[in-house]
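See structure below.
Number of protein chains: 2
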Amino acid sequence: MVSAATTYWLERAWTGDRMVDGVAVSVEDGRFVRVEQALPGDAERLAGLTVPGFANCHSHAFHRALRGRTQAGRGSFWTWREQMYAVAGRLTPDSYYALARATYREMVSAGYTGVGEFHYLHHQGDGTAYDDPNQMAKALLAAAHDAGIRITLLDTCYLAAGFGRPPEGVQVRYSDGDAEAWAKRVEGLASGDGRLVGAAVHSVRAVPREQIPTVVEWADVRRAPLHVHLSEQTAENDACIAAHGATPSELLADAGAWGPRASAVHATHLTEGDIALLGASGTHACLCPTTERDLGDGIGPSRELHTAGSPLTLGSDSQAVVDPFEEMRAVELDERLATRERGHWAAEELIAAGTVQGHRSLGFPDAGRIEVGARADLVVLDTATATMAGTGGDVASVVFAATAADVRRVMVDGRWVVGVEDRAQVGAELRAAIERIWEG
Amino acid sequence: MVSAATTYWLERAWTGDRMVDGVAVSVEDGRFVRVEQALPGDAERLAGLTVPGFANCHSHAFHRALRGRTQAGRGSFWTWREQMYAVAGRLTPDSYYALARATYREMVSAGYTGVGEFHYLHHQGDGTAYDDPNQMAKALLAAAHDAGIRITLLDTCYLAAGFGRPPEGVQVRYSDGDAEAWAKRVEGLASGDGRLVGAAVHSVRAVPREQIPTVVEWADVRRAPLHVHLSEQTAENDACIAAHGATPSELLADAGAWGPRASAVHATHLTEGDIALLGASGTHACLCPTTERDLGDGIGPSRELHTAGSPLTLGSDSQAVVDPFEEMRAVELDERLATRERGHWAAEELIAAGTVQGHRSLGFPDAGRIEVGARADLVVLDTATATMAGTGGDVASVVFAATAADVRRVMVDGRWVVGVEDRAQVGAELRAAIERIWEG
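Just so you know, the sequences run in chain order A and B.
All you need for the working numbering is the position in the first sequence, starting with 1, plus 1388.
All you need for the working numbering is the position in the second sequence, starting with 1, plus 1388.
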């Protein structure tokens, strides 16, 4: 019987553990069935440097509409949020679908093969449910399907404007009333091929303490991912301590939220005790460095969290930047600015955060490596661009030099989503000039 | 008599003062001879968003060979410097020319139309002069010419390994022995069309206090730019105070270095007195944010310097990143990380820093604006890319969303250096989805 597998020959590849020159990979039913160093033979040849697909673990697709439009004047996270709410108020299921599909296409073209969509825009403008109460969520699932990206829909419980305050303004679109009603609605959503339904607690501001366990239990029963915005702003910490005498990390620990299926998003302003709680539970720390820069959130304790036991993951969040390479290196570069030392994170650790750790946190532990049995995601980088030429071809060149614009082809679950484009620029000359120096 | 001017019609342009839709520009002998809002007529049409050319005010061209190759292990500025010195030891006039030409081509393709090359790699490996003692400088001038970028060659005086220490190792290639010999050698270099010879004091570490006035005087007599690496590291400040009882800013003020033709490069770790000295003199503050991130230098007091009277300029320095847009926004984004507030720098101020202020600091006060009489530099951005689509078309979209990969055509002094490339991606769909929300 003839195999239906398709074989490609990768000129050079980072498999997840090591860099290999000349790798034959065969793909069948969306998975790698062969990965081995080999001669090209008659396989289709993929030039450049191929890496596993990246996981975008924290996305608000609709924020893409804000890029370039929120930079006027002074302000803080909170004034930015007013502008974001203005967009949230305008979206319909149709326009949400179109915006999300386009945004997910941008993500795939940048090398992301999976997205965790932190979705709370559930209802109509007046707060009443659509005829199908999951119409907005289904718009996102359809957008991801049509853009060819895997999605973990983190259906988000959002019930309050703040500690002891009912939803205000556009927030009526977010609220299901209580966590039971949230859980009941989410029952109408089904996981499927390349599509997983998970849960999110928006934040300790937006979900009253006594409601949180319902969401946690929903996720526990289904072994589903559970994400939470955590301590992005010191104001949230202050209000939480004032209301409950506990930090947000402590409050969520009491509710049973933390563990290996959980992701603490941002995790910027933590106490040593918070870090210990998150680390000991194996909760993922999902940093969104380009957004945290843009919003002036601060620099989260990524290395301390890693040391304590929290695997790092990454998200594009506000879509100010959609570039997994920029996201990876920003973790290290921001640490350098904060400490005046280099070398907090090795490139190998950052690409693991961007790939395998991220996919695992989204409920796809079988993605993010080029190995037999894994989901067949491939990101082919053009190493001949002005940006990449001469950078040496080590994993550090991927993490510290590549940009989204260097991505040429992207495969998700065995299917090519982004095709070949020839954008070769001044790179050939750069490469020649630099190789002459290093090898001369 | 028929005019030899060529006319282009810009769909949308930032002239330096305002955003205008539909601008006819005529170019003759390398300058704009007409700039006015008009209908397209039969002029060649430049779609997208056109901005003035950017000035890269601090470049070490040869550092481009290090991109992606210096990220292993821990370390600091000083361990990075060891790797940089390894490259410096290998360069010949031929390989320096080839590397610089390629690097300058990358710069032009990213939107830079002028470069300030801080050049100190003067002599042979054993410290003896080449037959033509300016052979290395001439390699750089030829490289810039052949790449089509204007150059201000900041010929750099570098005499010592540190306070009271003679040159060590590869530094013998840098040293002319004393400032008089430096000045004599530099006399062999001539300014010309699109080429200006200026001076640099490498740093207070590398030029003994009593030698600095000779370099300052050389620049004063010629009304030439004078650049200095200033207080990039606290170790330099400490050593300077220990040796001389003065900060580097104070020492250089005593030597008469500061003034409107001067640029203080980095200016990271300054006292309030230093900021007052630099500002009162009108000295430019040349920040290199992407390099300062990479090296863990810290975040310089850009806004305080601006307020004190020092115009901001920008440089790509180590070539870890060659992207004028990233450089502009990094100034603001790093301030946000440091302060947790947004809005330190307006987009209009940042693009002025990246263009007109930069060119002025390099001795080209007639560049950086699209106006009659100015040097005809144009950078045409594709606003249909995945990165730029839907960003609104204001100057903030240029500063906060554009990347080097969005640049399609670049004109320097009336000549097209970078041509049209069609890299349209998923942008059309993004734009449609977003405009529907904002305009619907």
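Every residue gets a Cβ at the ideal spot worked out from N, C-alpha and C, and that includes glycine.
For a contact defined as C-beta to C-beta under 7 angstroms, what are the partners of residue i on chain B?
{"i": "D1722 (chain A)", "result": "L1725"}
{"i": "F1788 (chain A)", "result": "G1456, Q1459"}
{"i": "A1735 (chain A)", "result": "Q1459"}
{"i": "A1449 (chain A)", "result": "By Cβ distance, chain B contributes nothing, its closest Cβ being about 10 angstroms from A1449 (chain A), past 7 angstroms."}
Around the Cβ of residue i, are there at least 16 other Cβ atoms within 10 angstroms (buried) or fewer (exposed)?
{"i": "G1633 (chain A)", "result": "exposed"}
{"i": "W1804 (chain A)", "result": "exposed"}
{"i": "V1768 (chain A)", "result": "buried"}
{"i": "E1521 (chain B)", "result": "Inspection of the sequence shows that residue 1521 (chain B) is occupied by Pro rather than by Glu. By the neighbour-count rule (16 or more Cβ atoms within 10 Å), P1521 (chain B) is buried."}
{"i": "E1723 (chain A)", "result": "buried"}
{"i": "R1433 (chain A)", "result": "exposed"}
{"i": "T1695 (chain A)", "result": "exposed"}
{"i": "P1699 (chain B)", "result": "buried"}
{"i": "W1570 (chain A)", "result": "buried"}
{"i": "A1449 (chain A)", "result": "buried"}
{"i": "E1424 (chain B)", "result": "exposed"}
{"i": "P1554 (chain B)", "result": "exposed"}
{"i": "T1622 (chain B)", "result": "exposed"}
{"i": "R1457 (chain B)", "result": "buried"}
{"i": "G1436 (chain A)", "result": "buried"}
{"i": "T1467 (chain A)", "result": "exposed"}
{"i": "G1746 (chain A)", "result": "buried"}
{"i": "L1693 (chain A)", "result": "buried"}
Applying a beta-carbon distance threshold of less than 7 angstroms, which residues of chain A neighbour residue i?
{"i": "G1780 (chain B)", "result": "G1456, R1457"}
{"i": "T1394 (chain B)", "result": "Ordered by position in chain A, no residue passes the 7 angstroms Cβ test against T1394 (chain B), which lies about 25 angstroms from the chain."}
{"i": "A1793 (chain B)", "result": "T1791, A1793"}
{"i": "A1832 (chain B)", "result": "Lying outside 1389 to 1828, the shown extent of chain B, residue 1832 (chain B) is not represented and no answer is given."}
{"i": "A1476 (chain B)", "result": "Those within 7 angstroms of A1476 (chain B) in chain A number zero; the least Cβ separation is about 10 angstroms."}
{"i": "A1641 (chain B)", "result": "Those do not exist, as A1641 (chain B) stays about 26 angstroms from chain A at its closest Cβ, beyond 7 angstroms."}
{"i": "A1401 (chain B)", "result": "Near A1401 (chain B) there are no residues of chain A at all, since even the closest Cβ is about 17 angstroms away, more than 7 angstroms."}
Show which residues of chain B have a CB atom less than 9 angstroms away from the CB atom of residue i.
{"i": "A1784 (chain A)", "result": "G1456, R1457, T1458, Q1459, A1460"}
{"i": "A1630 (chain A)", "result": "Under the 9 angstroms cutoff, chain B gives no residues; its nearest Cβ is about 20 angstroms from A1630 (chain A)."}
{"i": "A1607 (chain A)", "result": "Ordered by position in chain B, no residue passes the 9 angstroms Cβ test against A1607 (chain A), which lies about 31 angstroms from the chain."}
{"i": "A1627 (chain A)", "result": "Chain B residues near A1627 (chain A): none, gap ~16 angstroms exceeds 9 angstroms."}
Please work out which residues of its chain come closer than 6 angstroms, Cβ to Cβ, to residue i, disregarding the five sequence neighbours upstream and downstream, and give them in chain order.
{"i": "D1662 (chain B)", "result": "T1635, S1637"}
{"i": "I1687 (chain B)", "result": "D1722, A1726"}
{"i": "S1651 (chain B)", "result": "H1615, H1672, C1674, S1749"}
{"i": "M1716 (chain B)", "result": "L1738, G1742, V1787"}
Taking 7 angstroms as the limit between beta carbons, can you name the residues of its chain near residue i, skipping five residues before and five after?
{"i": "A1762 (chain A)", "result": "R1419, F1420, D1754, A1755"}
{"i": "V1390 (chain B)", "result": "In this predicted model, V1390 (chain B) has a pLDDT of only 47, less than 50, meaning its place in the structure is not dependable enough to derive any value."}
{"i": "G1477 (chain A)", "result": "G1513, V1558"}
{"i": "R1455 (chain B)", "result": "Q1707, A1708"}
{"i": "E1720 (chain A)", "result": "H1732, W1733, L1738"}
{"i": "A1594 (chain B)", "result": "Y1546, L1547, A1548"}
{"i": "V1710 (chain A)", "result": "E1494, M1495, A1498, S1704, A1792"}
In chain order, what residues of the same chain have a beta carbon less than 8 angstroms from the beta carbon of residue i, not counting five sequence neighbours either side?
{"i": "A1578 (chain A)", "result": "V1585"}
{"i": "M1407 (chain B)", "result": "R1400, A1401, G1781, D1782, V1783"}
{"i": "V1496 (chain B)", "result": "A1535, G1536, I1537, V1798, V1800, V1805, V1806"}
{"i": "T1403 (chain A)", "result": "V1411, V1423, P1440, R1757, I1758, E1759"}
Under 8 angstroms between beta-carbons, which chain B residues line up against residue i? List them in chain order, please.
{"i": "A1435 (chain A)", "result": "Here the premise fails: no neighbours, minimum Cβ distance about 18 angstroms."}
{"i": "A1831 (chain A)", "result": "It is not possible to answer for residue 1831 (chain A), since the shown part of chain A is limited to 1389 through 1828."}
Assuming residue i contacts residue j under a Cβ cut-off of 8 angstroms, what Cβ separation, rounded to an integer in Å, is found between them?
{"i": "G1515 (chain A)", "j": "S1563 (chain A)", "result": "7 angstroms"}
{"i": "C1545 (chain A)", "j": "H1590 (chain A)", "result": "6 angstroms"}
{"i": "T1791 (chain B)", "j": "C1445 (chain B)", "result": "With 8 angstroms as the limit, T1791 (chain B) and C1445 (chain B) do not qualify as a contact, their Cβ atoms being about 20 angstroms apart."}
{"i": "V1592 (chain A)", "j": "E1624 (chain A)", "result": "7 angstroms"}
{"i": "A1431 (chain A)", "j": "Y1485 (chain A)", "result": "Not confirmed; about 38 angstroms, so no contact."}
{"i": "F1442 (chain A)", "j": "P1677 (chain A)", "result": "Rounded, the Cβ-Cβ distance is 14 angstroms, inconsistent with contact."}
{"i": "R1691 (chain A)", "j": "H1732 (chain A)", "result": "5 angstroms"}
{"i": "L1357 (chain B)", "j": "M1524 (chain B)", "result": "With chain B running from 1389 to 1828 in the structure shown, residue 1357 (chain B) is simply not present."}
{"i": "Q1599 (chain A)", "j": "A1567 (chain A)", "result": "4 angstroms"}
{"i": "H1511 (chain A)", "j": "L1528 (chain A)", "result": "At roughly 14 angstroms, the Cβ-Cβ gap does not stay under 8 angstroms, so H1511 (chain A) and L1528 (chain A) are not in contact."}
At a CB-CB cut-off below 8 angstroms, which residues of chain A make contact with residue i?
{"i": "A1623 (chain B)", "result": "Correct list: empty, because the minimum Cβ distance to chain A is about 10 angstroms."}
{"i": "A1527 (chain B)", "result": "Simply none; closest approach about 12 angstroms."}
{"i": "A1549 (chain B)", "result": "Per Cβ cutoff of 8 angstroms: no residues; A1549 (chain B) is ~22 angstroms from chain A at best."}
| query | Using a beta-carbon distance cut-off of less than 8 angstroms, what residues from the region 1659–1687 of chain B approach chain A? | reply | E1680, R1681, D1682, L1683, G1684, D1685, G1686, I1687
| message | Taking beta-carbon pairs under 7 angstroms, can you tell me which members of the region 1735–1757 of chain A lie near chain B? | response | A1735
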